[in-house]
Structure formats: structure tokens, C-alpha cells
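Residue numbers (the working numbering): -17 to 330.
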Ligand SMILES: *[C@@H]1O[C@H](CO)[C@@H](O)[C@H](O)[C@H]1NC(C)=O
Ligand SMILES: [Zn+2]
């Protein structure tokens, strides 16, 4: 059993490494595939819509979270709560009957009861989608402005506008075009090298930024009040992922957007970022010690994983970093130093 698990984990690890390395070293291998995929996407009305990313994120979430919820109920032996109960008992064999009787965590809701949750997620993002011009790397200003209902060619008020996402532009509202419904897309597909490097960088940047954001959520009083609902639950379970105050959720989405934009990610990178991001978010909130958890696939000490995040939810102390371990490591290191310093004078 254990050996089989070790084998499949090594296989996953090697496959991942293979894809990452070949994408970076021999991007020509993947180019036909990426070109085909991007051409198809670029021509579709759905992909051209300014609201695409909002609905794509909801779609990914609506697939991933219920799937992990099913795993949560089908494999009670993976629930961290079962492990904790097991630790408390003296004998190593935790009776299977007790595991299967683990209660359903309080506060879990059926999908029909969660329309309000979906609504509060979607509305602020849709509002922004429908009034602001999307500014993607590799698109020229003229194309952006045309998508925003500005007159083409000579009359373009380009003087006011910039092509960077840091200078947002409003849609040019008119009776015939009352809302921003389109987004201008770059002409070319990215290379696999660019795609993979951008994905890695955006996750590392997001992880560090969210660490700071989350730290503020824990130490600044008014923010802590927003963050509290995310920590008030019995046993952690996949549905906690989105149990967030509107502002906190917005902060999370905007930080992800920023992390992608600041390195000028290709729009296709953004499209692939979403499912990975949503998967990781749900996984760390799943309350499950999955045998193929991402922290077990990544090199040891890189990924935080569900266990660490569950501990944070319980104790509220450390473990502020969502996906990796580096910021938490540094934070703990400096916390130790401070403790040490404050103790030294007392001893002399
Ligand atoms: C998210 O990124 C896009 C692409 O750069 C940008 O156009 C948009 O304004 C950003 N959205 C928000 C709400 O900041
Ligand atoms: Zn927290």
C-alpha cells in the first residue's frame, strides 16, 4: 500500500518535472498545440467577452469545490479530524466504524442554499468587467480603446489613456454601447516557456502578497473583523474556501490579478492560472490529508498544504502563507530572533 503510494507520487513528481523542464527548454514541441488552442479560443465569442474570467473562475470553482466535497464524504479516513481523533487515542488502530461515523461538519450547505454566496462573488467583479477596459499585455492601446467604444484612428484620445493595467480606463459609454462587453486579445499565442515561467512567477508573487494581506487581516482590528467569519467554523471543509467577507474575497481576486499583471502575463497564462489557483485554494481548505496533496508532489518543504492551513484555521497563529512555506519560514525566523533579543538583556 505504502509502496504503491510512493510509486504513484514519484510518478506524478517526475511527470510534472518533465512537463516543466521540456516547456522551458524545448518550447517548439508545444507550439503547435498552444497555437491551435489559442486560435480556437481567440475566435470564440465567449473568450472575447469582458466577463470571461469572472465566469471561468465561477465555473472552475463550481466543478472543483463540489468534487472535493464528495471526496470529503467518501473518504472519511482522509479527514484531518479523523487523524486528530486517532492521535488522541492511545492505540494506533482507530476503529473504522468510528471514522465512518464522523459527523457532517455544521454549516455545510447544499448548492441551492448558496446562490447568495455566488451572487456576492460575481456582482462586484461583473461591475468592474462591464465598466472598465481590459488591458492585457501584448495588446496595443488602439485595440484596447476600440474595444472600449472609442473612435478608431485619428480621433483616439490616446493622450489620456495608457496601455498599462496600472492606469485603468473607463468604457466610453453611449446609447449604442452602454457597457464594456468585449476584451481586446493579443494576436499571438505565448510560447510554453513564457507560459510556464509566468505561471510559476505569478504563484510565487501572489503567495508572498497574500501572506502580507493575511498578516494584516490578523493584526489590524477592523480587518480582523472581516476575516473572522473565515475562521468561525467547526471542522474545516471545502466549503470554507469561499466563506469570506466581500472585501476579503475582492482583495484576494485583485491580488491574483495584480500578480499576473505585474509580470505582463499573457491572457492564456491567466486562463490556465484560474483552475490551478482555485484547486489549490480549495485543497488547502479541504480538511483532507490527500495522499496526492500538492505539498507531497512538490519538493519537501516547499508547499504548505491542507494540514498546515487547517492548523492556522484552528489556532489562528502562524501559517499565514497560503501555498508555500518561504514567507512563513522567514517570519518565524525573525520572530525567534526578536524573542531572543528581548530575552538577552534580562539575563545580563
Ligand atoms: C485585472 O486585470 C486586467 C488585465 O490587465 C485589467 O484590465 C483589469 O482592470 C484588472 N481588473 C481589476 C479589477 O483590477
Ligand atoms: Zn487567517
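Yeah, the Cβ is synthetic: ideal placement off N, Cα and C, and Gly gets one too.
DSSP places residue 210 within a helical segment (H, G or I) once states are collapsed to three.
Under the Cβ criterion (8 Å, minimum of three pairs), the stretch 287 to 294 does not count as touching the stretch 176 to 183.
With a threshold of 7 Å, the Cβ atom of residue 147 counts as near ligand 1, since some heavy atom of the ligand is closer than that. For residue 126, the enclosing alpha helix (DSSP H) has its first and last residue at 123 to 129. Of the heavy atoms belonging to ligand 1, none sits nearer than 7 Å to the Cβ of residue 278. Per DSSP, the continuous alpha helix (DSSP H) segment holding residue 199 begins and ends at 174 to 201.
Counting along the chain, residue 18 sits inside the alpha helix (DSSP H) bounded by residues 13 to 25. Beta-bridge annotation (DSSP): residue 306 is paired with 285. With respect to residue 286, residue 307 sits close: the two C-beta atoms are nearer than 8 Å. In the assembly as shown, residue 107 is a buried residue. Its beta-carbon has 16 or more other beta-carbons within 10 Å. Cβ-Cβ distances below 8 Å link residue 215 to 87, 88, 89, 222, 225 and 295 in the same chain, with the five nearest sequence neighbours on each side left out; the list follows chain order. With a cutoff of 7 Å, residue 118 counts as near ligand 1, since its C-beta is closer than that to a heavy atom of the ligand.
Proximity of the stretch 25 to 42 to the stretch 161 to 173 meets the contact definition, three or more beta-carbon pairs being nearer than 8 Å.
Nearest to residue 230 by alpha-carbon distance, out of 218, 204, 246 and 252, is 204. The beta carbons of residue 36 and residue 111 sit about 6 Å from each other, so the pair counts as a contact at 8 Å.
With 16 or more neighbouring CB atoms inside 10 Å of its own CB, residue 189 falls in the buried class. With a threshold of 7 Å, the Cβ atom of residue 150 counts as near ligand 1, since some heavy atom of the ligand is closer than that. Contact between the stretch 307 to 321 and the stretch 184 to 199 is present, with at least three C-beta pairs closer than 8 Å. Distances from the alpha-carbon of residue 248 to those of 213, 52, 220 and 171 put 171 closest. Burial check for residue -3: the Cβ neighbour count within 10 Å stays below 16, so the residue is exposed.
Placement of the Cβ of residue 131 at a distance of 7 Å or more from every heavy atom of ligand 1 is found.
By a beta-carbon distance limit of 8 Å, residue 116 does not contact residue 57. Their separation comes to about 41 Å. Annotation for residue 150: 114 place their beta carbon closer than 7 Å to its own, counting only its chain and skipping 5 residues before and after. Taking 7 Å as the cut-off, one finds at least one heavy atom of ligand 2 near enough to the beta carbon of residue 294. DSSP, reduced to helix, strand and coil, places residue 95 within a helical segment of the structure shown. At a Cβ-Cβ threshold of 8 Å, residue 47 and residue 256 do not count as neighbours. Put simply, the backbone Cα of residue 16 is about 32 Å away from that of residue 100. As DSSP reads the structure, residue 31 sits in a beta bridge with 164. Counting the other CB atoms within 10 Å of its CB gives residue 97 a total below 16, which places it among the exposed residues. Shortest Cα-Cα distance from residue 198 to any of 228, 269 and 303 involves 303.
With fewer than 16 other Cβ atoms from the protein chains shown falling within 10 Å of its own Cβ, residue 201 counts as exposed.
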